[in-house]
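Peer 1: So that we are looking at the same thing, I have put the structure below in structure tokens.
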Amino acid sequence: MTVLATLALLLVVGGSVAYAAPGGYRLPFSGYAEISAGPRCNQHYGQDQEAIDFVMQPGRQILASKSGVAYFYPNTWPGGNMVKIYHSDGLHSTYAHLSSFEATKYWYYTHYYTNGLWVNQGEVIGYAGSTGNSTGTHLHFSVNRSNNSAVVIYDLPGIRWWISNVANRWSCTIDGRNEGSGSG
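At position 143 of the sequence shown the residue is numbered 143 (the UniProt record's numbering), and the sequence of numbers has no breaks.
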């Protein structure tokens, strides 16, 4: 792709580039969930700066955001039970604080697929919990590049930032809050 074609694809607003979520990803759950902490929030302690925390009922199904090769990590710190899925676009998605992994996938992973287990977009990979460094049941979700640098995901399809709190690229809080919802 030429530089001119690349520039033509960028949306410029007020002299700054509008960032967009990577294509082909979905929210990692079905139905509605509120956001308890959005991009660049202090709760992430300087890590996963573009991650979003979704409030979940205990045991709610967590789905693969995009197809790829899954790795299951039990009892990590600070993420607790965590799944990372490596995608064909060179990015990986992370799902942290799970109460448990989807049992059949985890059994096959631990017995036969130590080099990763293929999962399809929308497949159940685990269940919402509060493991690791967590103060309540939620899903900590992020997408990163191979060098672990963060990918902007605050405009994934289904995410809605509340009117008084439209997410922006430069601040965790707007009007003292960073809240919204997602429908997957």
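We put the beta carbon where it would ideally sit given N, CA and C, even for glycine. It should be emphasised that the depicted structure is a prediction, and the values quoted were computed from it without experimental measurement.
Drop a sphere of 10 angstroms on the beta-carbon of H92, count the other beta-carbons inside from all chains shown, and report buried for 16 or more, exposed for fewer.
Peer 2: Under this definition H92 is a buried residue.
Peer 1: Go ahead and pull the three-state DSSP assignment for T76.
Peer 2: Of the three classes helix, strand and coil, the one that applies to T76 here is strand, per DSSP.
Peer 1: Have a look at T131, Y109 and Q57 and flag the residue whose alpha-carbon is nearest the alpha-carbon of G79.
Peer 2: The candidate whose alpha carbon is nearest that of G79 is T131.
Peer 1: Go through its chain and collect everything with a Cβ distance to Q121's Cβ below 6 angstroms, but skip five positions before and after it.
Peer 2: Cβ within range, chain order: A64, K66 and S67.
Peer 1: In or out: residue 188 buried (at least 16 other Cβ within 10 Å) or exposed?
Peer 2: Given a span of 1 to 184 for the chain in the structure shown, any question on residue 188 remains unanswerable.
Peer 1: Under DSSP, the beta strand (DSSP E) around G95 begins and ends at which residues?
Peer 2: Correcting the residue identity first, residue 95 is Tyr in this sequence and not Gly. Residues H92 to F101.
Peer 1: Taking the alpha-carbon positions, what's the L117 to S146 distance?
Peer 2: Rounded to whole angstroms, L117 to S146 spans 18 angstroms at the Cα level.
Peer 1: Since I believe V83 is in contact with N101 (beta carbons under 8 angstroms), could you give me their beta-carbon distance rounded to a whole number of angstroms?
Peer 2: The residue asked about is misnamed: residue 101 is Phe in this sequence, not Asn. Right, the Cβ-Cβ distance comes to about 7 angstroms (below 8 angstroms), so this counts as a contact.
Peer 1: My output table needs one value for L9: the three-state DSSP class, helix, strand or coil.
Peer 2: Unreliable placement is indicated for L9, whose pLDDT of 36 sits below 50; the coordinate value is still reported in the next sentence. In the structure shown, L9 sits in a helix (DSSP, three-state: H, G or I).
Peer 1: Compute the beta-carbon to beta-carbon distance between G158 and S142, rounded to the nearest angstrom, for a pair I have assumed lies under 8 angstroms.
Peer 2: Not quite, the Cβ-Cβ distance comes to about 16 angstroms (not below 8 angstroms), so this is no contact.
Peer 1: So who's on the other strand from N144, going by DSSP bridges?
Peer 2: According to DSSP, which records beta bridges pairwise, N144 is partnered with H92 and A150.
Peer 1: For G90, which option in D155, S149 and R160 has the closest C-alpha, if you only look at C-alpha atoms?
Peer 2: Selected option, being the one with the closest Cα: S149.
Peer 1: For Y108, name the three-state secondary structure that DSSP assigns.
Peer 2: It is helical.
Peer 1: Anyone know if the C-beta pair for Y71 and L98 falls short of 8 angstroms?
Peer 2: The answer is no: Cβ separation not under 8 angstroms.
Peer 1: From what residue to what residue does the beta strand (DSSP E) around Q61 run?
Peer 2: Counting along the chain, the beta strand (DSSP E) containing Q61 begins and ends at Q61 to L63.
Peer 1: Using CA coordinates, which residue listed in T110, T137 and I153 is at the minimum distance from G23?
Peer 2: Nearest of T110, T137 and I153 to G23, Cα basis: I153.
Peer 1: Would you identify the three-state DSSP class for A51, choosing helix, strand or coil?
Peer 2: Reduced to three states, the DSSP call for A51 is coil.
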